[in-house]
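Asks: Residues 7 to 157, numbered by the working numbering, are exactly what the sequence shown covers, in order. No residue lacks a Cβ here, since even glycine has one placed at the ideal position from N, Cα and C.
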Amino acid sequence: MRKGSRVRKTSAGAKERAEAEALREKALTDRLRWIREARPDLWARISILNVLQRLQKERGGHFGKGLVFVHTAMFPFNIRRIGVVDPFRLMVTFEVWPHEAIKQGITWVPLDQIVWAGSTDWELDSETMGFGAKGPAATAPEDARKLAGLA
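(1) Where does Glu106 fall in DSSP's three states?
(2) Select from Ala24, Glu106 and Thr99 the residue whose C-alpha is nearest the C-alpha of Gln119.
(3) Are the Cβ atoms of Phe83 and Val57 separated by less than 8 Å?
(4) Where do the ends of the alpha helix (DSSP H) carrying Pro46 lie?
(5) State the DSSP-derived secondary structure class of Gly70, mapped to helix, strand or coil.
(6) Just the Cα atoms here: how many angstroms apart are Glu25 and Ala33?
(7) Could you spell out the range, first to last residue, of the beta strand (DSSP E) harbouring Ala123?
(8) Can the beta-carbon of Ala79 be found closer than 8 Å to that of Val121?
(9) With 16 as the cutoff for other CB atoms within 10 Å, does Ala18 come out buried or exposed?
(10) Within the same chain, show all residues whose beta-carbon is closer than 7 Å to that of Leu55, passing over the 5 residues directly before and after it, in chain order.
(11) Start and end of the beta strand (DSSP E) containing Arg87?
(12) Use the C-beta contact count for Gln110: other C-beta atoms within 10 angstroms, 16 or more gives buried, fewer gives exposed.
(13) In whole angstroms, what separates the C-alpha of Lys21 from that of Asp36?
(14) Indicate whether Arg23 and Leu117 have their beta-carbon atoms separated by less than 8 Å.
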C-alpha cells in the first residue's frame, strides 16, 4: 500500500504544481492585458524588448559588442543580453558591454525610462550612434529585417 500512497502524493504534488503554474500564467496574462490597455507606452517598450529577445535567441543567445543599443533618457546601453522583462515590477534586466561611462555588468532599468532601441550588423561607437549620425545608411541583417516587418 505504501507504493500506492506514494503515487497519490506524487500525483497530488504534480496537481498542486500545475495549479500554481496556471495561477501564475493567469496573473501574467491579466497584468499584460492591463498594461496593454492602461499603459500603451509601456506595452510598446515591452514589445520592442520582446523583438530584441527573439533576435537575441536567433543570434546565439547574446549580441556582439557595439551591435545593439537600448537608449534611456540619460544613457545608451550597449546590450550583450536582455534578461527578464518583468511586467509586475515594470523593469528589465540587461547584461551590458562597456560603453562611454557605463561599465560592463548587469543593470536593471525601469521600463518607463526606455526611449528607443536599435540593432545593426556592424559595430558602432559613440560618434556614429544616434539620430544625427552621418555616413551611409545601414543595411539591416535579414533576421532583423524580418522581425521589423521589412523583409
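Replies: Judging by the given coordinates:
(1) Numbered from its first residue, the sequence shown carries residue 106 at position 100. The answer is coil: DSSP assigns Glu106 none of H, G, I, E or B.
(2) Position 113 of the sequence shown holds residue 119. Among Ala24, Glu106 and Thr99, the Cα nearest to that of Gln119 belongs to Thr99.
(3) On the sequence shown, residue 83 is found 77 positions in, with the first residue counted as 1. On the sequence shown, residue 57 is found 51 positions in, with the first residue counted as 1. Not in contact: Phe83 and Val57 (Cβ atoms no closer than 8 Å).
(4) Position 40 of the sequence shown holds residue 46. Residues Pro46 to Glu64.
(5) If you number the sequence shown from 1, residue 70 lands on position 64. It is coil, neither helix nor strand.
(6) Within the sequence shown, numbered from 1, the residue matching residue 25 stands at position 19. Within the sequence shown, numbered from 1, the residue matching residue 33 stands at position 27. Their Cα atoms are separated by approximately 12 Å.
(7) For the purposes of this step, residue 123 is taken as residue 117 along the sequence shown, with counting starting at 1. Boundaries of the beta strand (DSSP E) harbouring Ala123: Ile120 to Ser125, taken from the DSSP string.
(8) Looking up residue 79 in the sequence shown gives position 73. Looking up residue 121 in the sequence shown gives position 115. In contact: Ala79 and Val121 (Cβ atoms closer than 8 Å).
(9) Within the sequence shown, residue 18 is the residue found at index 12, counting from 1. Exposed: under 16 other Cβ atoms inside 10 Å.
(10) Position 49 of the sequence shown, counted from the first residue, corresponds to residue 55. These residues qualify, in order along the chain: Ile88, Val91 and Val98.
(11) Here residue 87 corresponds to residue number 81 of the sequence shown, with the count starting at 1. Element bounds for Arg87: Pro82 to Asp92.
(12) In the sequence shown, the residue the question calls residue 110 occupies position 104. With fewer than 16 other CB atoms across the displayed protein chains lying within 10 angstroms of its CB, Gln110 is exposed.
(13) Reading the sequence shown from its first residue, position 15 is the one you call residue 21. Reading the sequence shown from its first residue, position 30 is the one you call residue 36. Distance between the alpha carbons of Lys21 and Asp36 is about 22 Å.
(14) Your numbering for residue 23 matches position 17 in the sequence shown. Your numbering for residue 117 matches position 111 in the sequence shown. In this structure, Arg23 lies away from Leu117, with their beta-carbon atoms at least 8 Å apart.
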